[in-house]
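So the structure is just underneath, and the comments pick up after that.
Residue numbers (the working numbering): 25 to 413.
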């Protein structure tokens, strides 16, 4: 069945953070909302059908994870990523952000170091500071228009006693899909310094042609300390249902994470998130393939538009995700003024780069997961606003 990603679905009045939260976040509701990382597309029909079937049963009690849910995840990882995982490795979680916090609690003592690689999704930093751990920053380097890991500096960070690396793969917001060589070097450094790595791979299914995502743990040796966070939420646009999985081969690590979740009395068991999780992985592949083709066309349109009409805004080439990282430094505006320009003059609501930490100043993150005519309208707004200055 062909999916109509050009269909505009009104979301105002649905308590949507992205749409109904505009007034609170931007100070005005008069912006095209292209910020929060969810999509303005309908979820796969199989997911909606599964939710409707579950809702038809009028009792919504405490729920266990059925074997079929684990089977669906195992089959997806093998087919889509060539990674064979075991049932006992899987620990369910209410989300990747709670998993970041649980990992900081489980694997570092108060005051001990946890490494992040900014500019990066901002809960990476807050999960460290909120739990009283020491934030260790290994900034990515922008080299010839492409972000690279500073491995020499990462080695120094690890050698100084850091216990945990929070690794984003594919990377949000800079849209890097890390190569096999880069992943191998992460593993080598982790081995040398007894470093635990939590690899957030929530965007793993959203990779463009010419690039290939490899799960970090798929390259690991038996003794490596790798934890992988995955979820169908970004892939199939069901983040509001709040369910993810941690793939943890080491039983001691599973126990430590389970203890952290138990301490917070955090439960991920929800009858609707469970059926959506399974239906997405079991029946969503055809929908995803069409989504990726649509996003690629939008990505390429944005790239061409910027080159032709907005040469002062440089697109960092996206290798994965539906989040585009825009270098706006040539506009010569400090961050506060840059945000004011986009919100109040261009009337486009994007995520300011500064919130992603060191290296984010002067950048904006654009979410292109919306009908293409809305993306075109937003770009036209920016062009007209710049021309009017």
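Glycine is no exception: its CB is placed at the ideal position from the N, C-alpha and C atoms.
{"query": "Inspect the beta-carbon positions of residue 135 and residue 160 and report whether they are closer than 8 Å.", "result": "no"}
{"query": "Can you tell me whether residue 397 is buried or exposed? The criterion is at least 16 other CB atoms within 10 Å of its CB, across all chains shown.", "result": "exposed"}
{"query": "Can you give, in chain order, each stretch of the beta strand (DSSP E) that sits fully within the stretch 242 to 313 and has at least 3 residues?", "result": "250 to 254, 268 to 271"}
{"query": "Alpha carbon to alpha carbon, what distance is there between residue 46 and residue 55?", "result": "7 Å"}
{"query": "Is residue 391 helix, strand or coil by DSSP?", "result": "strand"}
{"query": "Around the C-beta of residue 101, are 16 or more other C-beta atoms found within 10 angstroms, so that it is buried, or is it exposed?", "result": "buried"}
{"query": "Need the endpoints of the alpha helix (DSSP H) that residue 379 sits in, please.", "result": "Unbroken run through residue 379: none, as it is neither H nor E."}
{"query": "Would you mind reading off the limits of the beta strand (DSSP E) that contains residue 349?", "result": "347 to 351"}
{"query": "Between 104, 78, 30, which has its C-alpha nearest residue 399's C-alpha?", "result": "30"}
{"query": "In angstroms with no decimal places, state the Cα-to-Cα distance between residue 368 and residue 224.", "result": "34 Å"}
{"query": "CB-CB under 6 Å to residue 201, same chain, minus the five flanking residues each way: which ones, in chain order?", "result": "194, 231, 235, 237, 343, 344"}
{"query": "Rounded to the nearest angstrom, how far is the Cβ of residue 151 from that of residue 128, given a contact under 8 Å?", "result": "5 Å"}
{"query": "On the three-state DSSP scale, how would you describe residue 338?", "result": "strand"}
{"query": "Which value, in whole angstroms, describes the spacing of the CA atoms of residue 76 and residue 303?", "result": "12 Å"}
{"query": "Tell me the DSSP bridge mates of residue 405?", "result": "DSSP output for residue 405 lists no bridge partner at all."}
{"query": "Which whole-angstrom value describes the C-beta separation of residue 217 and residue 183, a residue pair presumed to lie in contact below a C-beta threshold of 8 Å?", "result": "6 Å"}
{"query": "Pull up the DSSP beta-bridge partners for residue 224, would you.", "result": "192, 253"}
{"query": "Can you list the alpha helix (DSSP H) stretches of 4 or more residues lying completely in the stretch 85 to 153, in chain order?", "result": "91 to 105, 120 to 131, 147 to 153"}
{"query": "Thinking C-alpha only, which one of 318, 44, 297 is nearest residue 373?", "result": "44"}
{"query": "With three or more C-beta pairs closer than 8 Å as the rule, is the stretch 381 to 392 touching the stretch 322 to 333?", "result": "yes"}
{"query": "Would you say residue 115 and residue 221 are within 8 Å of each other, going by their C-beta atoms?", "result": "no"}
{"query": "When we look at the beta-carbon of residue 187 and count the other beta-carbons within 10 Å, is it buried (16 or more) or exposed?", "result": "buried"}
{"query": "Which partner residues of residue 161 appear in the DSSP bridge assignment?", "result": "140"}
{"query": "So for residue 171, helix, strand or coil by DSSP?", "result": "strand"}
{"query": "Measuring only the C-alpha atoms, how far is residue 307 from residue 57?", "result": "29 Å"}
{"query": "Would you grab the beta carbon distance between residue 175 and residue 213 for me? Rounded to a whole angstrom, and I think it's under 8 Å.", "result": "7 Å"}
{"query": "Considering only DSSP beta bridges, list what residue 56 is partnered with.", "result": "372"}
{"query": "Looking at the unbroken alpha helix (DSSP H) that takes in residue 41, where does it start and where does it end?", "result": "41 to 44"}
{"query": "Please report the distance separating the alpha-carbon of residue 165 from that of residue 141.", "result": "10 Å"}
{"query": "What residue from 412, 370, 378, 379 has the CA that sits closest to residue 415's CA?", "result": "Past the edges of the chain, shown from 25 to 413, lies residue 415, and the structure says nothing about it."}
{"query": "Cβ of residue 260 within 8 Å of Cβ of residue 71?", "result": "yes"}
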